[in-house]
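With the UniProt record's numbering, letter number 90 in the sequence shown gets 90, and the count goes up by one each step, no holes. For glycine and all other residues, C-beta sits at the position ideal for the given N, C-alpha and C. Report on the following structure.
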Amino acid sequence: MSNALAVDLREDIWTYEDYLTLPNDGKTYQIIGGDLFMTAAPLIYHQAISRNLAFIIWEFVKDHDIGDVFFSPIDVVFSSTNVVQPDIIYISKERLDIKKEKAIFGAPDLIIEILSPTTLQMDVLLKKVLYQRFGVREYWIVDPKEQKVDVFVLEGGKYEPKGTFFHQDVVEVKMIQGLKVNLTDVF
1 MSNALAVDLR EDIWTYEDYL TLPNDGKTYQ IIGGDLFMTA APLIYHQAIS
51 RNLAFIIWEF VKDHDIGDVF FSPIDVVFSS TNVVQPDIIY ISKERLDIKK
101 EKAIFGAPDL IIEILSPTTL QMDVLLKKVL YQRFGVREYW IVDPKEQKVD
151 VFVLEGGKYE PKGTFFHQDV VEVKMIQGLK VNLTDVF
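Right under this line is the structure:
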């Protein structure tokens, strides 16, 4: 199991309604398959990578008026029993109707998760399956320790690996036509 703490305060299934009653205490709460997970706030290097990536993506998206970009904390509600807070999300202009006042209700076009010691297994295993199941078209797993990015694109309902990229590489964002991210600007 992940280092993320599965909170077993009760035996029934956690829902989005239950999630809304959780305290705003600086911890990250997420529901996957009706199970509640809690993790501590991310480390500084994690946040620096998140800032760098979000800024690069946002500048391109804003300049080309092609959608919107958000970063954690923001709730993405896939179903009543699957509520997550990805590190970075992109929603294309054509799909902005999934953006509501309190949360994103549906699958963003791109989700980026930045690994932390407490979220590694959850991001690599649980969330990858969840995002594939709910139709997230592109998923990046960013590993700060190894300074690498694994890119997956949804094809025929399954994630296909598109490559592992390291700090000296340039990554083409499949869901944002024309955007190439130089990883030396990220790590």
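Runs of beta strand (DSSP E) wholly within the stretch 137-187 (minimum 3 residues, chain order): Listed in chain order, the complete beta strand (DSSP E) runs (minimum 3 residues) inside the stretch 137-187 are 138-143, 148-155, 158-166, 170-172 and 180-182.
Rounded straight-line distance, which links the Cα of residue 97 to that of residue 37: For the purposes of this step, residue 37 is taken as the residue at position 37 of the sequence shown. For the purposes of this step, residue 97 is taken as the residue at position 97 of the sequence shown. For residue 37 and residue 97, the distance between alpha carbons rounds to 28 Å.
Reduced DSSP category for residue 92 - H, G, I as helix; E, B as strand; rest coil: Taking the sequence shown and counting its residues from 1, the one referred to as residue 92 is at position 92. Strand, per DSSP.
C-beta contact flag for residue 70 and residue 56 at 9 Å: Working through the sequence shown from its first residue, we reach residue 70 at position 70. Working through the sequence shown from its first residue, we reach residue 56 at position 56. Contact flag unset, no.
Exposure label - residue 67; buried when at least 16 CB within 10 Å: By one-based count along the sequence shown, residue 67 stands at place 67. Burial call: buried.
Pick from 148, 168 and 133 that is closest to residue 157, judged by C-alpha positions: For the purposes of this step, residue 157 is identified with residue 157 of the sequence shown, where counting begins at 1. Checked all of 148, 168 and 133; the closest Cα to residue 157 is 133.
DSSP beta-bridge partners of residue 61: As a position in the sequence shown, residue 61 is number 61, starting the count at 1. Residue pairing for residue 61: DSSP places it in no beta bridge.
Rounded separation between residue 173 and residue 150 - CA only: The count along the sequence shown starts at 1 and reaches residue 173 at position 173. The count along the sequence shown starts at 1 and reaches residue 150 at position 150. CA-to-CA, the gap between residue 173 and residue 150 works out to about 12 Å.
Opposing strand residues paired with residue 35 [DSSP bridges]: Here residue 35 refers to the residue found at position 35 of the sequence shown. Residue 35 is bridged by DSSP to 32.
Short Cβ contact (9 Å threshold) for residue 19 with residue 83: Reading the sequence shown from its first residue, position 19 is the one you call residue 19. Reading the sequence shown from its first residue, position 83 is the one you call residue 83. Closer than 9 Å, so yes.
Assumed close pair residue 24, residue 185 - CB separation to whole angstroms, cut-off 8 Å: The residue you call residue 24 lines up with position 24 of the sequence shown. The residue you call residue 185 lines up with position 185 of the sequence shown. Contact flag wrong, Cβ pair sits at about 32 Å.
Exposure of residue 73, with buried meaning 16 or more beta-carbon neighbours within 10 Å: Within the sequence shown, residue 73 is the residue found at index 73, counting from 1. The residue in question, residue 73, is exposed, as its Cβ has fewer than 16 Cβ neighbours within 10 Å.
Span of the alpha helix (DSSP H), counted from its first residue to its last, around residue 75: Numbered from 1 along the sequence shown, position 75 holds the residue referred to as residue 75. For residue 75, no alpha helix (DSSP H) encloses it, and the DSSP letter there is neither H nor E.
The beta strand (DSSP E) enclosing residue 129, as first and last residue numbers: For the purposes of this step, residue 129 is identified with residue 129 of the sequence shown, where counting begins at 1. Counting along the chain, residue 129 sits inside no beta strand (DSSP E); it lies in the alpha helix (DSSP H) bounded by residues 127-133.
From 32, 79 and 40, residue whose alpha carbon lies closest to that of residue 26: The residue given as residue 26 occupies position 26 in the sequence shown. When only C-alpha atoms are compared, the closest one is 40.
Sheet register partners of residue 113 (DSSP bridge): In the sequence shown, residue 113 corresponds to position 113, counting from 1. Beta-bridge pairing links residue 113 to 141.
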